[in-house]
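Heads up, the sequence shown is in my numbering, so the first residue is 782 and it goes up one at a time.
Report on the following structure.
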Amino acid sequence: MFGENRLIMRKLLLYLIACLLLSCEVDDAPNKITSEENLFEVVKDSEGNSILSFENTGAFLEEYEKLSELITQKEFNSWSSGINHSSLLKKSDSILAIADSIGVLYSDALMSLLNSEGEVKINGETLKLEGDIFYMMPVEEVNNSSTERKKRAVGYLRNSISPNLISMARTIDNANKWKSYSKVFGERRLIVELFNETIYFNDNTLSSKMFLRSRKDYESCSFWRCTWKNDVNTPRRLMVNVTLGGVGRWFAPDGSHQRDVIEDGILGHYTLLLATYNPVPPVNPEPNNFEISGYVTTSLDVGTTNELNWGIQVSWFPPEN
782 MFGENRLIMR KLLLYLIACL LLSCEVDDAP NKITSEENLF EVVKDSEGNS ILSFENTGAF
842 LEEYEKLSEL ITQKEFNSWS SGINHSSLLK KSDSILAIAD SIGVLYSDAL MSLLNSEGEV
902 KINGETLKLE GDIFYMMPVE EVNNSSTERK KRAVGYLRNS ISPNLISMAR TIDNANKWKS
962 YSKVFGERRL IVELFNETIY FNDNTLSSKM FLRSRKDYES CSFWRCTWKN DVNTPRRLMV
1022 NVTLGGVGRW FAPDGSHQRD VIEDGILGHY TLLLATYNPV PPVNPEPNNF EISGYVTTSL
1082 DVGTTNELNW GIQVSWFPPE N
């Protein structure tokens, strides 16, 4: 009996040691996300910051497609917190300051994939978005000194799907890039923006999407001046009821030409994917312009019995001649 007890105790001890070793391996392993739901790993750069690593450009674009179709802020927060990633979307003031400083709008999906420095890894190399240009950065040598190779431009991000407007984007402010609607109610300002996000790599159009962004500002006054700041604390409702036009090449996420969304409890800015460009036969040399018609309504509870409603009829720029 005594021998049997010793044998049982020895097996339990070996089992506990094995569990302890396995636990140590898991704790010491890098933070990697390799499930079927996510096509990347979360690794650390040379400075210890998190960065998403993709095997190739296709995996990066596929994850971008999936994120673009998330609707609610809760979905975005859940995805972001689940991977413990310090993204550009979380960076202070990045969302609204970017457009003012460089004249380019980024979607929430793109900013969620980029780290706080605007970087991801593709096949072991660092891809960095600076303004509207994607650069492949030089590889560091073992001794941590940079090689003599300079960063090289490998792609572009444009707020326009027309190749003719790409060269004009620097000279024509917001030409077919985004369209803004705003309304001031005392110390409140409601804003709705339509914008395109087109990603080019190696002169190929990999993705073109139309987004709607809603936000609310409040007036903040000091002794010297008053400025508008983004309100991230007051909840609001957004109702979108629009029809997508064009020649049947712009599709809502469900494959239709209708986008009907009601989102309650929005805080801060909110970005909604309206449509993705999908060339279907016969394919013309240049993509057709996006068309939209319908209404967007923002509701704001400003008291127990008083509600502010702002409805606008949205449209995009007319087709080019």
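All residues carry an ideal CB built from backbone N, CA and C; glycine is no exception.
Compute the beta-carbon to beta-carbon distance between residue 868 and residue 861, rounded to the nearest angstrom, for a pair I have assumed lies under 8 Å.
-> Contact holds; Cβ gap of about 6 Å.
Spell out a yes or no on whether the segment 991-1006 and the segment 1044-1061 are touching, meaning 3 or more CB-CB pairs, one atom from each, closer than 8 Å.
-> yes
Alpha carbon to alpha carbon, what distance is there between residue 865 and residue 832?
-> 10 Å
So who's on the other strand from residue 845, going by DSSP bridges?
-> None; residue 845 has no bridge partner.
State the DSSP-derived secondary structure class of residue 957, mapped to helix, strand or coil.
-> Per-residue confidence for residue 957 stands at a pLDDT of 47, beneath the threshold of 50, marking its modelled position as unreliable; no derived number is given.
Residue 835: which of 919, 856 and 906 sits nearest, CA to CA?
-> 906
Applying the criterion that 16 or more other CB atoms from any shown protein chain within 10 Å of the CB defines a buried residue, is residue 966 buried or exposed?
-> exposed
Drop a sphere of 10 angstroms on the beta-carbon of residue 959, count the other beta-carbons inside from all chains shown, and report buried for 16 or more, exposed for fewer.
-> buried
Reference residue 848; option with closest CA among 1040, 892, 934 and 825 = Here the closest residue by C-alpha is 892.
Residue range of the alpha helix (DSSP H) that residue 863 falls in?
-> 854-864
C-alpha distance - residue 854 paired with residue 1079, whole-angstrom precision = The alpha-carbon atoms of residue 854 and residue 1079 are separated by roughly 16 Å.
With respect to the alpha helix (DSSP H) encompassing residue 889, which residues constitute its N-terminal and C-terminal limits?
-> Taken as a continuous stretch (DSSP letters only), the alpha helix (DSSP H) holding residue 889 covers 889-894.
Thinking just about the alpha-carbon of each residue, which of 909, 1034 and 888 is nearest to the one in residue 932?
-> 909
Residue 1023 lies in the beta strand (DSSP E); which residues open and close that run?
-> According to the DSSP assignment, residue 1023 belongs to the beta strand (DSSP E) that extends over 1017-1025.
Rounded C-alpha distance that separates residue 1099 from residue 1040 = 20 Å
Extent of the continuous beta strand (DSSP E) run through residue 1046 | 1039-1047
Which full runs of the beta strand (DSSP E) of 3+ residues lie inside the segment 962-995, going along the chain?
-> 969-982
Could you tell me how far apart the beta carbons of residue 1023 and residue 1074 are, in whole angstroms, since I believe they sit closer than 8 Å?
-> 7 Å
Closer than 6 Å by C-beta to residue 962: which residues in its own chain qualify, once you throw out the five before and the five after it? Chain order, please.
-> 973 and 1093
Under the rule that 16 or more other beta-carbon atoms within 10 Å means buried, what is residue 934, buried or exposed?
-> exposed
Cβ atoms of residue 995 and residue 1047: under 8 Å apart, would you say?
-> Cβ atoms of residue 1047 and residue 995: closer than 8 Å.
Local Cβ density within 10 Å of residue 888, reported as buried at 16 or more and exposed below that | buried
Helix, strand or coil at residue 1089 according to DSSP, with G and I counted as helix | strand
Taking the alpha-carbon positions, what's the residue 807 to residue 1089 distance?
-> Residue placement at residue 807 is poorly supported in this model, since its pLDDT is 31, which falls under 50; the coordinates still yield a value, given next. Their Cα atoms are separated by approximately 52 Å.
Going by the CB atoms, is the gap between residue 978 and residue 1025 shorter than 8 Å?
-> No.
Close-in-space but distant-in-sequence residues of the same chain around residue 900 (CB under 7 Å, 5 per side omitted) | 832, 907, 908 and 909, listed in sequence order.
Cβ-based neighbour list, residue 1011, same chain, cut-off 7 Å, excluding 5 preceding and 5 following | 877, 996, 998, 1049 and 1050
Among 971, 894, 851 and 850, which has the Cα closest to the Cα of residue 838?
-> 894
With a cut-off of 8 Å on the beta carbons, I'd call residue 841 and residue 903 a contact; round off their distance for me.
-> Contact holds; Cβ gap of about 6 Å.
Backbone secondary structure at residue 1056 - three-state DSSP | strand
With DSSP run on the structure shown, which of helix, strand or coil describes residue 1033?
-> coil
Taking the alpha-carbon positions, what's the residue 1018 to residue 940 distance?
-> A straight line joining the alpha-carbon of residue 1018 with that of residue 940 spans about 27 Å.
One or two residues paired with residue 936 in a DSSP bridge | 915 and 982
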